[in-house]
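These notes concern the structure reproduced below.
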Amino acid sequence: DVKVTQSSRYLVKRTGEKVFLECVQDMDHENMFWYRQDPGLGLRLIYFSYDVKMKEKGDIPEGYSVSREKKERFSLILESASTNQTSMYLCASSLGGFRQPQHFGDGTRLSIL
Amino acid sequence: QKEVEQDPGPLSVPEGAIVSLNCTYSNSAFQYFMWYRQYSRKGPELLMYTYSSGNKEDGRFTAQVDKSSKYISLFIRDSQPSDSATYLCAIGGANSKLTFGKGITLSVRP
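Residue numbers (this note's numbering), protein chains in the order written: chain A, 54 to 166; chain B, -8 to 101.
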C-alpha cells in the first residue's frame, strides 16, 4: 500500500512565523501535491511537483513556497504565517502523468494565532 | 459554470438504504473519474477509479459515468454506519490536473 506521511497531525504557530510542513511518500511516485481543505471550499491545490527540484503553482500559491530536494519528500513553507492560513493541509502523491489517482496523507491541521 | 459541481448535502439515510451521490462537470475533455472517501480527521482515500462511460462495480459500490451528460454517480447499496464519511468526486483529463468536488457528508443511521 502507498503510504504518505505528514510530519505533524496538529500544529499551532504564531502570526509572522515561518512554518514548514513536511511530507514523505514511500512508493517512488513522481508527482507530489499540496492542498488545503476548508469547509465550503473543498480541496484547493497550492503547489505540485512532477520531479525533483521541479514545481508548479496550483490555484492558490500566494503566501506559500515549496521544496523538493529528494523524490520522496515534498515540503510546504509558509513564509510569514497569517491567520487566514489556518486550515487543514493535505499532501498527496501519484505516479507520473495526470491520469493517475492521488494518494493522500492524513493531513496537518494548522492553526495560526 | 464551475468545472465540477457536487451536491452539497449533508445527507442522512437509514441503515440498509441505497445511496446515490452525484457530480456534474463542464469540460468535455475530462476523461478520468474518481471517487474518494474521507473519514473525519483522516485524508481522502481512493474508492473508485474509472475512465469510460458505463458502470463499474466493487462490492457494495457502483460508479456510473455518463460522458454525454457530463454526469457521474456513486451508488452505495445496503449502506452501513461505517459508510458515514465525506465523499468527494475528482475528475481529470490527460493533460490537466484533478479537479475535486467540494464533497458531500453522508451519515448512515443505525
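Backbone N, C-alpha and C define an ideal beta-carbon position, used for all residues, glycine too.
Cα-Cα separation, residue i to residue j
i, j, result
"A:Glu70", "B:Gln71", "44 Å"
"A:Ser120", "B:Ser3", "42 Å"
"A:Ser102", "A:Tyr117", "14 Å"
"B:Lys61", "B:Gln55", "11 Å"
"A:Phe151", "A:Phe86", "12 Å"
"B:Arg68", "B:Ser31", "22 Å"
"B:Ser19", "B:Leu89", "14 Å"
"A:Asp180", "B:Thr53", "Since the displayed chain A opens at 54 and closes at 166, residue 180 of chain A lies outside it and no answer follows."
"A:Leu59", "B:Asp49", "First, the amino acid is wrong: residue 59 of chain A is Gln here, not Leu. For A:Gln59 and B:Asp49, the distance between alpha carbons rounds to 29 Å."
"B:Thr41", "B:Lys47", "7 Å"
"B:Leu79", "B:Gln29", "8 Å"
"A:His156", "A:Lys108", "18 Å"
"B:Pro1", "B:Thr77", "9 Å"
"A:Gly93", "A:Asp54", "31 Å"
"A:Glu115", "A:Tyr88", "13 Å"
"B:Ser87", "A:Asp104", "16 Å"
"A:Leu18", "B:Gly7", "Past the edges of chain A, shown from 54 to 166, lies residue 18 of chain A, and the structure says nothing about it."
Distance CB(residue i)-CB(residue j) smaller than 8 Å
i, j, result
"B:Ser64", "B:Leu12", "yes"
"B:Ala81", "B:Tyr27", "yes"
"B:Gly94", "B:Gln(-3)", "yes"
"A:Met141", "A:Gly158", "no"
"A:Asp79", "A:Lys56", "yes"
"A:Glu125", "A:Val77", "yes"
"A:Thr165", "A:Lys66", "Before going on, a small fix: residue 165 of chain A reads as Ile here, not Thr. Yes, they are a contact pair."
"A:Ser146", "A:Pro154", "no"
"B:Ser59", "B:Ser75", "no"
"B:Glu(-6)", "B:Tyr23", "no"
Per-residue DSSP class, three states only, for residue i
i, result
"A:Thr136", "helix"
"B:Asp74", "helix"
"B:Leu65", "strand"
"A:Val105", "coil"
"A:Lys110", "strand"
"A:Leu143", "strand"
"B:Ile9", "coil"
"A:Thr68", "coil"
"B:Lys58", "coil"
"B:Asn86", "coil"
"A:Gly95", "strand"
"A:Met85", "strand"
"B:Asp49", "strand"
"A:Phe151", "coil"
"A:Glu125", "coil"
"A:Arg162", "strand"
"B:Glu(-4)", "strand"
"B:Arg100", "strand"
8 Å contact criterion, which residue i and residue j should meet: CB distance rounded
i, j, result
"B:Arg100", "B:Pro35", "Their Cβ separation, rounded to whole angstroms, is 23 Å, which puts B:Arg100 and B:Pro35 out of contact at 8 Å."
"A:Ser128", "A:Glu83", "In fact, because the Cβ distance is near 17 Å, the residues do not count as touching under 8 Å."
"A:Leu96", "A:Leu64", "About 19 Å; that fails the 8 Å criterion."
"B:Val10", "B:Phe66", "7 Å"
"A:Ile136", "A:Leu163", "For the record, residue 136 of chain A in the displayed sequence is Thr; it is not Ile. The Cβ separation is near 11 Å, so there is no contact."
**Message:** Which runs of the alpha helix (DSSP H) at least 4 residues long sit entirely within the region 15 to 44 of chain B? Give them in chain order.
**Reply:** none
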